[in-house]
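Novice: Residue numbers (this note's numbering), protein chains in the order written: chain A, 776 to 952; chain B, 776 to 952.
Each residue gets a CB set at the ideal place from its N, CA and C atoms; glycine is no exception.
Protein chains: 2
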Amino acid sequence: MNFCSHCGSSDIRFRKPKGDVHDRFICGNCQTIHYSNPKIVTGCLPVWEDKVLLAMRAIPPMKGYWNVPAGYMENGETVEEGAKREVWEEAEAKVDIKGVVSLYSIPHINQVYIHFWGQLLDLNYKSGIESMDVQLFKESEIPWDKIAFTSSTFTLKHFFEDRRKGRHEIHTGFLDL
Amino acid sequence: MNFCSHCGSSDIRFRKPKGDVHDRFICGNCQTIHYSNPKIVTGCLPVWEDKVLLAMRAIPPMKGYWNVPAGYMENGETVEEGAKREVWEEAEAKVDIKGVVSLYSIPHINQVYIHFWGQLLDLNYKSGIESMDVQLFKESEIPWDKIAFTSSTFTLKHFFEDRRKGRHEIHTGFLDL
Numbered sequence: 776m777n778f779c780s781h782c783g784s785s786d787i788r789f790r791k792p793k794g795d796v797h798d799r800f801i802c803g804n805c806q807t808i809h810y811s812n813p814k815i816v817t818g819c820l821p822v823w824e825d826k827v828l829l830a831m832r833a834i835p836p837m838k839g840y841w842n843v844p845a846g847y848m849e850n851g852e853t854v855e856e857g858a859k860r861e862v863w864e865e866a867e868a869k870v871d872i873k874g875v876v877s878l879y880s881i882p883h884i885n886q887v888y889i890h891f892w893g894q895l896l897d898l899n900y901k902s903g904i905e906s907m908d909v910q911l912f913k914e915s916e917i918p919w920d921k922i923a924f925t926s927s928t929f930t931l932k933h934f935f936e937d938r939r940k941g942r943h944e945i946h947t948g949f950l951d952l
Numbered sequence: 776m777n778f779c780s781h782c783g784s785s786d787i788r789f790r791k792p793k794g795d796v797h798d799r800f801i802c803g804n805c806q807t808i809h810y811s812n813p814k815i816v817t818g819c820l821p822v823w824e825d826k827v828l829l830a831m832r833a834i835p836p837m838k839g840y841w842n843v844p845a846g847y848m849e850n851g852e853t854v855e856e857g858a859k860r861e862v863w864e865e866a867e868a869k870v871d872i873k874g875v876v877s878l879y880s881i882p883h884i885n886q887v888y889i890h891f892w893g894q895l896l897d898l899n900y901k902s903g904i905e906s907m908d909v910q911l912f913k914e915s916e917i918p919w920d921k922i923a924f925t926s927s928t929f930t931l932k933h934f935f936e937d938r939r940k941g942r943h944e945i946h947t948g949f950l951d952l
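What follows is the structure, encoded as structure tokens:
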């Protein structure tokens, strides 16, 4: 942050506001405090019989790698609405959300992944604008060495484990670099 | 947003970047796209025998009302670390986190509440800087008409229901205005 987005001043200081315990960008001119907080990546693993739907990323980072359909949650939506929107944007698929699979923090990049699983409503899926390919995979067919992000690996492993147990529950974790 | 925080230009337009489906604040001078996304409010309900610990807010909004200790998640921490930090800041209490109680979206104010429950480690709690009072309550003692936010009511109701069932699980919901 070089300039105050409220008044345009370049007098930006990184220090603790009164009563706060964290440093913030504060405008020396209009005193606006500019907060920065983690973002939610919301997504859903679409399930059809014994298969799950993954999307191959058409954009960096990790272009050409497979991923649980997910993306940044937008203002004005619920976490579930965001997950369904991402499934539509990446795989043009419709899901009925069934439960939360994972809550996965990546503190060094200020992200929190929330992955649901959901029933795929039909087989009319196809690559959305951000995907090169969309495919259903049985557990034995998952390309583990071609998964884009650790959040997807975490979700896939726990989803299939829970499925074998016959009971789905939330799994929490984080990436420690 | 009146000025670009990167270059200081006042040429800010709200429109769709190429390849995006959402309007964003874009700087007409340096082309920086300024994203705005929901924030996470992370917290934890501390549990001691058949009682839970609530904090009375010392600051607006809802000053004087009771709340599950919670607050904005900060950059660089996991959701769990944020929850423990908030329990400390508001109630000077230490907890061992046991599970997620609720994932609760409030889309009209771009917030997502994530409430854990946790074992209170000792009884050395007291009001933190943002609290006027901290007290343990049995379910029958909860001041339901003096709870600050619907997220806390949601969490408290589900926590006690689950406790009666002998099984804790995640509950998802949202505030629809």
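(1) CA-CA distance, isoleucine 872/A and lysine 901/A?
(2) Evaluate glutamate 861/A with the Cβ neighbour count: other Cβ atoms within 10 Å of its Cβ, from every protein chain shown; 16 or more gives buried, anything less gives exposed.
(3) Strictly below 9 Å CB to CB, what residues from chain B border histidine 781/A?
(4) Going by C-alpha distance, which of Lys826/B, Asp825/B, Pro821/B and Gly851/B is nearest alanine 845/B?
(5) I believe histidine 946/A touches serine 877/A by the beta-carbon criterion, under 8 Å. Please report the beta-carbon distance rounded to the nearest angstrom.
(6) If distances are taken between C-alpha atoms only, which option among Gly783/B, Thr817/B, Leu829/B and Ala830/B comes closest to glutamate 849/B?
(7) List the residues of chain A that asparagine 885/B touches, going by C-beta distances under 8 Å, in chain order.
(8) Any idea which residues DSSP pairs lysine 826/A with across the strands?
(9) Compare the C-alpha of serine 784/B against each of Val827/B, Leu896/B and Asn804/B and name the closest.
(10) Any contact of the region 874 to 890 of chain B with the region 781 to 801 of chain B, i.e. 3+ C-beta pairs under 8 Å?
(11) Can you tell me which of Trp919/B, Gly857/B, Gly903/B and Asp951/B puts its alpha carbon nearest to the alpha carbon of isoleucine 834/B?
(12) Please return the same chain residues whose Cβ sits closer than 6 Å to the Cβ of isoleucine 922/A, not counting the five positions on each side in sequence.
(13) Kindly list the residues whose CB is nearer than 8 Å to the CB of cysteine 819/A, restricted to its own chain and excluding five residues on each side of it in sequence; keep chain order.
(14) State the DSSP-derived secondary structure class of leucine 898/B, mapped to helix, strand or coil.
(15) Any chance the CB of leucine 829/A is under 7 Å from a heavy atom of the ligand MN?
(16) For my contact list, glutamate 865/A and serine 906/A are in at a C-beta cut-off of 8 Å; report their separation, rounded to the angstrom.
(17) Helix, strand or coil, according to DSSP, for alanine 748/A in the structure here?
(18) Could you spell out the range, first to last residue, of the alpha helix (DSSP H) harbouring aspartate 937/B?
(19) If you draw a straight line from the alpha carbon of lysine 913/A to that of leucine 828/A, how long is it in whole angstroms?
Specialist: Concretely, from the data shown:
(1) 19 Å
(2) buried
(3) Met776, Asn777 and Phe778
(4) Pro821/B
(5) 5 Å
(6) Thr817/B
(7) Asn850 and Gly851
(8) Trp823/A and Lys913/A
(9) Asn804/B
(10) no
(11) Gly903/B
(12) Trp841 and Thr928
(13) Val843, Pro844, Ala845, Ala858, Lys859, Glu861, Val862, Val870, Ile872, His890, Phe891, Trp892 and Gly893
(14) coil
(15) Looking for the ligand MN in the displayed structure turns up nothing, as the structure carries no ligands at all.
(16) 5 Å
(17) Chain A is shown only over 776 to 952; residue 748/A falls outside these bounds and no answer can be derived.
(18) 925 to 940
(19) 9 Å
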